[in-house]
Amino acid sequence: MQNSKIFKMPFANVYPHYIDKAEKKGRTKEEVDTIICWLTGYDRKALQKQVDKKVDFETFFAEAPQMNPNTSKIKGVICGYRVEEIEDPLMRKIRYMDKLIDELAKGKTIDKILRK
168 MQNSKIFKMP FANVYPHYID KAEKKGRTKE EVDTIICWLT GYDRKALQKQ
218 VDKKVDFETF FAEAPQMNPN TSKIKGVICG YRVEEIEDPL MRKIRYMDKL
268 IDELAKGKTI DKILRK
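Take the sequence shown: its letters are residues 168 to 283, numbered as in the working numbering.
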């Protein structure tokens, strides 16, 4: 994986793709925001502020209030990698988010996605 390129990519460039992916499968922006806020500890206002500031992924996760303690329950393959085996902590966080959005698009319920 070429990490540095992804780490410096603006989160605001990828966020609309998360929403599009969810909406194409009948899900909503609100559900995407719920997942991202659950994962990172941002509230919706702070999340929008990060989007508006066009911070990169590295900054987005560095400024996240608190990663959810249940992230260790996120398992499976995304982009050809098992998320629980990704060694780089930042890449693992990015792939956690990808995995959760993928689960939303595949029709999982929010309760299952949020590991309740």
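Just so it is clear, CB atoms sit at the ideal spot from N, CA and C, and this is done for glycine as well.
Just so you know, these numbers come straight off a predicted model, no measurement behind them.
- Cutoff 6 Å; reference K175; Cβ partners in own chain excluding five residues on either side: Translated into positions along the sequence shown, residue 175 becomes position 8. Within the same chain, and ignoring the five residues on either side of K175 in sequence, the residues whose Cβ sits closer than 6 Å to its Cβ are D223.
- Message: Taking contact to mean 3 or more Cβ pairs, one atom from each stretch, closer than 8 Å, check whether the stretch 244-251 and the stretch 206-213 are in contact.
- Response: No, the stretch 244-251 is not in contact with the stretch 206-213.
- Limits of the unbroken alpha helix (DSSP H) element including Q233: For the purposes of this step, residue 233 is taken as residue 66 along the sequence shown, with counting starting at 1. First-last for Q233: undefined, no H or E at that position.
- Distance between E252 and M168 (C-alpha atoms, nearest Å): Taking the sequence shown and counting its residues from 1, one reaches residue 168 at position 1. Taking the sequence shown and counting its residues from 1, one reaches residue 252 at position 85. Low local confidence applies: a pLDDT of 47 at M168 is under 50, so the model's placement there is unreliable, and no value is given.
- Task: Use the C-beta contact count for D187: other C-beta atoms within 10 angstroms, 16 or more gives buried, fewer gives exposed.
- Result: As a first step, residue 187 is located in the sequence shown; it is residue number 20 there, counting from the start. Counting C-beta atoms within 10 angstroms of its own C-beta, D187 has fewer than 16 neighbours from the protein chains shown and is therefore classed as exposed.
- Message: Looking at the secondary structure, which residues open and close the alpha helix (DSSP H) in which E198 lies?
- Response: Counting from 1 along the sequence shown, the entry for residue 198 is found at position 31. Its alpha helix (DSSP H) spans residues K196 to T207.
- Do G193 and H232 come within 9 Å of each other at the CB atom, strictly closer than that value? Locating residue 232 in the sequence shown gives position 65, counting from the first residue. Locating residue 193 in the sequence shown gives position 26, counting from the first residue. Rather than His, the amino acid found at residue 232 in this sequence is Pro. Contact: no.
- Item | Assigned exposure category for K240 - 16 Cβ within 10 Å defines buried | On the sequence shown, residue 240 is found 73 positions in, with the first residue counted as 1. Exposed, since its Cβ has fewer than 16 Cβ neighbours within 10 Å.
- How many Å lie between L267 and A179 at the Cα? Position 100 of the sequence shown holds residue 267. Position 12 of the sequence shown holds residue 179. Approximately 17 Å, taken between the alpha carbons.
- Item | Residue from R259, V181, P236 and E270 with nearest C-alpha to W205 | Taking the sequence shown and counting its residues from 1, one reaches residue 205 at position 38. If we check each option's Cα against that of W205, P236 comes out closest.
- Task: Using three-state DSSP, classify D255 as helix, strand or coil.
- Result: The count along the sequence shown starts at 1 and reaches residue 255 at position 88. Correct three-state label for D255: coil.
- Query: Quick one, are the C-beta atoms of T238 and Y263 less than 9 Å apart?
  - Reply: As a first step, residue 238 is located in the sequence shown; it is residue number 71 there, counting from the start. As a first step, residue 263 is located in the sequence shown; it is residue number 96 there, counting from the start. Contact: yes.
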